[in-house]
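Take a look at the structure below.
Protein chains in written order, with the working numbering: chain A, 8 to 449; chain B, 8 to 449.
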């Protein structure tokens with residue numbers, strides 16, 4: 008009988024291993040050929056490894072192969088001698104001796120993937136993402152995105168939250184409205200989850216504090232720079248809150264920790280993307296009503312929509328708070344009942360408003376949150392006042408009927424946050440394989 | 008201007024804090040009332056906190072409230088005196104002095120949630136999951152599931168894998184067949200992803216080693232104890248493999264680490280669920296063809312389906328290997344081409360078989376994996392031989408055309424693994440809100 012033990016050592020020398028080698032040491036490593044500079048008897052080969060580029064030097068007299076044996080995007084294993092060189096990425100280069108070709112492409116890529124910036128329209132870049140993600144800058148965007156997720160997760164774990172994974176095929180929409188994808192489910196009507204709202208509230212009754220990082224589906228019929236029809240939602244929900252400000256505090260703590268994780272583990276990507284992380288010592292908090300008036304006064308604008316913030320207003324709020332208070336983040340609180348979902352708790356001090364908030368970052372809403380109704384009668388009454396039939400929400404209302412602690416939470420759009428971190432202008436820049444009204448591939 | 012700093016201290020005393028208190032110390036903590044035992048002037052209140060139960064003692068003469076002020080599932084904050092007691096859960100109880108009611112249920116739950124085992128059919132239990140998950144044993148199942156996910160993630164992170172999140176609305180199915188949910192996507196036909204197969208392979212060309220833990224949708228028309236129509240897939244894919252055994256080794260390593268994490272962080276849940284983790288020092292590996300014959304000989308069976316394993320055969324293989332080789336896990340390798348998808352690499356030594364494997368655990372397949380075709384012409388030819396039109400897979404085939412390292416990976420069903428860990432019999436036991444042909448709620 009043959010056995011596996013799972014204890015085999017990794018066979019490849021990673022960049023971190025190679026960096027530790029002495030000048031003149033032998034190195035063997037694999038990767039994909041990022042670029043080749045062939046100058047006859049001499050040349051350079053840049054190897055793309057999983058987390059960095061490695062510069063290799065080809066000298067015909069010392070090498071047992073020809074540069075013409077390889078092309079870009081070939082998968083190869085090379086053997087050679089390490090030379091320390093401060094000008095090379097990561098401080099070393101490999102002088103090539105032997106080559107083993109593991110796989111050759113059938114054709115050369117239609118674009119040069121090794122340019123520092125690809126220099127193509129976003130539309131073209133996205134259409135060719137299976138290839139363009141191989142560009143060192145492009146892939147750094149999504150490595151950094153991993154770091155953002157890791158930062159949030161670490162924070163919530165440390166704070167005693169339970170990670171949950173809730174169904175994406177659901178019997179009814181949590182956010183109401185027409186922005187919902189329908190599907191046929193064995194002859195029954197079903198929907199794709201617009202948010203994990205009902206489930207995360209339900210699980211507060213079980214685990215007290217929960218978070219979920221997963222796909223969210225919105226059938227919104229506008230193709231804008233800020234909308235995706237499928238995105239990654241970072242959702243949390245906490246029980247036993249004293250006030251909705253507890254949620255705001257938790258988000259601030261989570262963002263701070265996330266930035267620490269990026270500095271700790273994603274320095275390489277921050278440098279490639281030329282990102283300076285925003286200052287987040289303290290974040291101002293201002294009421295919806297007040298900030299509307301502040302912006303109207305400061306920028307001499309008329310208030311057109313008294314119930315919501317227009318995208319232009321979000322930009323002006325960020326501008327105002329960056330200039331006056333030195334903060335690129337602003338919590339706007341107490342949104343009108345009219346624009347908030349049926350589960351939002353009204354402000355007892357002014358029931359036209361809710362105990363809710365949005366977080367704006369560099370001119371864009373990246374989070375929506377607030378306290379939820381936990382009392383059964385209050386929730387049923389509010390459903391009715393919003394034109395909903397409580398009978399449609401029977402399993403959701405179980406939690407209100409049989410007992411829930413005061414609670415609240417938030418949902419954050421991962422791509423929006425990442426896009427703004429990079430100072431981008433289109434959310435598709437931060438979505439690997441974006442889904443919008445006209446795009447289903449790749 | 009008001010500011011938030013995210014640095015507020017947690018206000019609640021967790022069980023771990025309470026355990027550290029001296030006998031006689033004052034304690035203040037919140038939770039939901041799990042059970043009440045009212046014996047007149049004396050009684051017990053069990054408080055359900057996020058990760059454990061706390062026993063509280065009510066003595067009328069020392070308490071500033073009546074036991075009738077609360078009911079089960081009320082959310083309360085209690086103040087009292089800690090008494091060390093080895094018989095109480097976690098070694099202490101709280102002698103109650105003050106009570107603050109944070110929220111009262113409207114009605115009492117139709118079932119007693121605080122029983123050690125709920126004692127109802129799985130069907131009833133699942134229908135009432137918003138409540139039944141509040142049972143201490145039921146919630147332990149899903150806390151443990153978090154630990155399983157955490158274990159895998161820690162392993163893959165440590166090994167240099169990148170965590171990815173790929174689209175769930177897709178233009179075509181990765182696994183073929185009719186087991187796919189269709190939806191209308193702005194007038195175009197779209198599908199729910201049957202697996203992240205195409206995307207994870209694509210991202211091997213970018214990050215070399217990737218993993219994804221996310222929802223998977225299968226429109227399978229059988230309501231069995233082993234099928235779910237939506238489940239959590241644990242997927243990984245690695246580049247630069249020497250052989251498909253590299254993937255098997257990686258899975259073995261991941262399982263070992265996962266068990267370590269369960270022992271390290273989920274001891275409480277292992278005890279509640281009475282789980283003894285299986286021995287996993289080494290896992291036997293046997294060829295499909297050979298194991299078929301072994302089982303036929305050992306149990307005097309006829310081989311009915313030469314191309315796949317029947318569920319009963321999977322059970323017998325596990326029985327055989329547990330008895331003869333002391334292993335509850337078995338890797339079965341080299342499945343027939345006929346039953347493996349179009350991206351599976353054929354075995355060069357016998358092209359009727361593939362370089363693939365399943366992992367069986369306690370009588371059930373929990374993982375499918377193998378080496379993938381990386382060569383463009385080979386992949387196109389195999390698509391055609393399987394009756395597929397390569398033109399339907401244009402963006403997928405970009406990676407083969409423009410270069411891919413030898414690679415492979417696996418997909419594991421989280422609920423199946425968890426169900427078998429608990430020695431369960433129905434996969435719904437390990438799915439919080441299962442989706443099957445007849446179930447869309449809760």
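Glycine included, C-beta positions come from ideal geometry on N, C-alpha and C.
All values reported here derive from a predicted model rather than from experimental measurement.
Among B:407, B:276 and B:89, whose alpha-carbon lies nearest the alpha-carbon of residue 383 of chain B?
Ranking B:407, B:276 and B:89 by Cα distance to residue 383 of chain B puts B:407 first.
Can you give me the C-alpha to C-alpha distance between residue 11 of chain A and residue 290 of chain B, rounded to a whole angstrom?
Distance between the alpha carbons of residue 11 of chain A and residue 290 of chain B: 5 Å.
Output, in chain order, the set of chain B residues within a Cβ distance shorter than 8 Å of residue 109 of chain A.
Near residue 109 of chain A (Cβ distances below 8 Å), the residues of chain B are 247, 412 and 413.
Drop a sphere of 10 angstroms on the beta-carbon of residue 432 of chain B, count the other beta-carbons inside from all chains shown, and report buried for 16 or more, exposed for fewer.
Under this definition residue 432 of chain B is an exposed residue.
In whole angstroms, what separates the C-alpha of residue 205 of chain B from that of residue 396 of chain B?
The straight-line gap from Cα to Cα measures roughly 16 Å.
Assuming the contact rule is C-beta atoms closer than 8 Å, residue 272 of chain A and residue 154 of chain A should be a hit. Round their C-beta distance to whole Å, please.
Contact flag correct, Cβ pair sits at about 6 Å.
Might you give, ordered along the chain, the residues of its own chain that have their beta carbon closer than 6 Å to the beta carbon of residue 159 of chain B, omitting 5 neighbours on each side?
Hits under 6 Å: 241, 261 and 265.
Determine the chain A residues that contact residue 86 of chain B at a beta-carbon separation under 7 Å, and present them in chain order.
Residues of chain A passing the Cβ test: none, with the nearest at roughly 15 Å.
What residue from B:166, B:167, B:201 and B:22 has the CA that sits closest to residue 178 of chain B's CA?
Nearest option by C-alpha distance: B:201.
Taking 8 Å as the CB-CB limit, is residue 351 of chain A close to chain B?
It does not; no Cβ of chain B falls within 8 Å.
According to the neighbour-count rule (16 or more other Cβ atoms, all chains shown, within 10 Å of its Cβ), is residue 440 of chain A buried or exposed?
Buried, by the Cβ-count rule.
Classify residue 49 of chain A: buried if its beta carbon has 16 or more other beta carbons within 10 angstroms, exposed otherwise.
Residue 49 of chain A should be labelled exposed.
Once DSSP output is grouped into helix, strand and coil, what is the label at residue 369 of chain B?
If DSSP states are grouped into helix, strand and coil, residue 369 of chain B belongs with coil.
Does the separation of the CB atoms of residue 442 of chain B and residue 186 of chain B fall below 8 Å?
No.
Return the chain-ordered list of same chain residues with a C-beta closer than 6 Å to the C-beta of residue 306 of chain A, the five sequence neighbours on each side being excluded.
So the qualifying residues of the chain are 323.
Quick check on DSSP: helix, strand or coil for residue 158 of chain B?
Note: residue 158 of chain B maps to helix in three-state DSSP.
From the beta carbon of residue 42 of chain A, is the nearest beta carbon of chain B less than 8 Å away?
Output row for residue 42 of chain A: interface = no.
When you compare each of A:176, A:14 and A:144 to residue 214 of chain B by their alpha carbons, which one comes out closest?
Minimum Cα distance to residue 214 of chain B is reached at A:144.
Can you give the beta carbon distance from residue 51 of chain A to residue 62 of chain A, rounded, assuming they're within the 8 Å contact cut?
Between residue 62 of chain A and residue 51 of chain A the Cβ distance is about 6 Å, and since that is below 8 Å, they are a contact.
Tell me whether the beta-carbon of residue 230 of chain B lies closer than 8 Å to the beta-carbon of residue 39 of chain B.
Going by C-beta atoms, residue 230 of chain B is not nearer than 8 Å to residue 39 of chain B.
For residue 191 of chain B, decide whether its Cβ has a neighbour in chain A, counting only Cβ atoms nearer than 8 Å.
Answer yes: the Cβ-Cβ gap between residue 191 of chain B and chain A drops below 8 Å somewhere.
By DSSP, does residue 220 of chain B sit in helix, in strand, or in coil?
If DSSP states are grouped into helix, strand and coil, residue 220 of chain B belongs with the strands.
Using DSSP's beta-bridge definition, name the partner residues of residue 82 of chain B.
Looking at the DSSP assignment, residue 82 of chain B forms a beta bridge with B:39 and B:110.
Just curious, the alpha helix (DSSP H) that residue 259 of chain B is in, first and last residue?
Segment 252 to 272, the alpha helix (DSSP H) holding residue 259 of chain B.
Put residue 234 of chain B into one of helix, strand or coil per three-state DSSP.
Correct three-state label for residue 234 of chain B: coil.
By the 10 Å Cβ neighbour count, where 16 or more other Cβ atoms means buried, how is residue 423 of chain B classified, buried or exposed?
It counts as buried.
Quick one: which residues of the stretch 367 to 387 of chain B get their C-beta closer than 9 Å to a C-beta of chain A? List them in chain order.
Flagged, chain order: 381, 382, 383 and 384.
Given this structure, state the Cα-to-Cα distance separating residue 189 of chain B from residue 234 of chain B, to the nearest angstrom.
Rounded to the nearest angstrom, the two C-alpha atoms are 19 Å apart.
Give the straight-line distance between the Cα atoms of residue 227 of chain A and residue 64 of chain B, rounded to the nearest whole angstrom.
Spanning the two alpha carbons is a distance of roughly 54 Å.
Taking 8 Å as the cut-off, decide whether the C-beta atoms of residue 248 of chain B and residue 220 of chain B are in contact.
Contact flag unset, no.
Just to confirm my understanding: we take residue 173 of chain A, look at its own chain, exclude 5 residues before and 5 after, and list those with CB closer than 8 Å. What are they?
Excluding sequence neighbours, residue 173 of chain A sits near 200, 203, 206, 207, 210, 219 and 221.
Compute the Euclidean distance between the alpha carbons of residue 142 of chain A and residue 107 of chain B, then round it to the nearest angstrom.
So the two alpha carbons sit approximately 59 Å from each other.
Could you check which residue in B:117, B:101 and B:258 has the C-alpha nearest to that of residue 287 of chain B?
Minimum Cα distance to residue 287 of chain B is reached at B:258.
To the nearest angstrom, how far is it from the Cα of residue 320 of chain B to the Cα of residue 116 of chain A?
One C-alpha to the other measures close to 47 Å.
Going by beta carbon distance, what residues of the same chain come within less than 8 Å of residue 58 of chain B, once the five residues before and after it are set aside?
Once the five neighbours on either side are set aside, the close Cβ partners of residue 58 of chain B are 21, 22, 150 and 275.
Please check if any C-beta of chain A sits within less than 8 Å of the C-beta of residue 82 of chain B.
Residue 82 of chain B counts as touching chain A.
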